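Just so we're aligned, residue 39 is where the sequence shown starts under the working numbering, counting upward by one.
Yeah, the Cβ is synthetic: ideal placement off N, Cα and C, and Gly gets one too.
Keep in mind it's a predicted model, so treat the numbers as computed, not measured.
Encoded as structure tokens, the structure appears first; notes follow it.
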Amino acid sequence: MDFIFVFTNLPDRDSALLIAQELITGRYAACVNVLGGCTSVYRWKGEIEKAEEVPLLIKTRGSLYAEVERVIRERHPYDLPEIIAVPVTDGLPAYLDWLKAETLPSLS
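What follows is the structure, given as structure tokens:
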């Protein structure tokens, strides 16, 4: 079974909670951590920008990545949202069993 973490940042807590709720309700993720705010510094269209953001850490199956990306893209207010998936290489077996049970079966 392949599991991933998906990272994204939102401009405010309300939009972060909206995406988190939809991912859990749809069973596209077993858990979404809505983290405390952070300051992001980045280059955008040739200018250095600074923004307050709310990070999301989404725990799901690799086979559900396309659905997670779809939900984020449909609800995210940015033109180019950060959406990065990182594979989980190991974990507590009981936790991974829970993650599997709380997400939809493979859509592929």
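query: When you compare only the Cα positions, how much space is there between ALA67 and GLU60?; result: 9 Å
query: Considering only their Cβ atoms, is the gap separating ILE57 from ARG111 smaller than 8 Å?; result: no
query: Within a Cβ cutoff of 7 Å, which residues of the same chain sit near LEU137, ignoring the five residues on either side of it in sequence?; result: PHE41, ALA68 and LYS97
query: Determine the closest residue to PRO125 out of PRO143, GLY100 and LYS88, with distance taken between C-alpha atoms.; result: GLY100
query: Enumerate in chain order the residues of its own chain whose CB-to-CB distance from GLU107 is below 6 Å, with the five nearest sequence positions on each side excluded.; result: ILE121
query: On a Cα-Cα basis, can you pick out the residue from VAL72, VAL44 and ARG65 that is closest to ASP50?; result: VAL72
query: Measure the alpha-carbon distance for SER78 versus GLU85 and round it to whole angstroms.; result: 14 Å
query: Less than 8 Å between the beta carbons of ALA54 and LEU102, yes or no?; result: no
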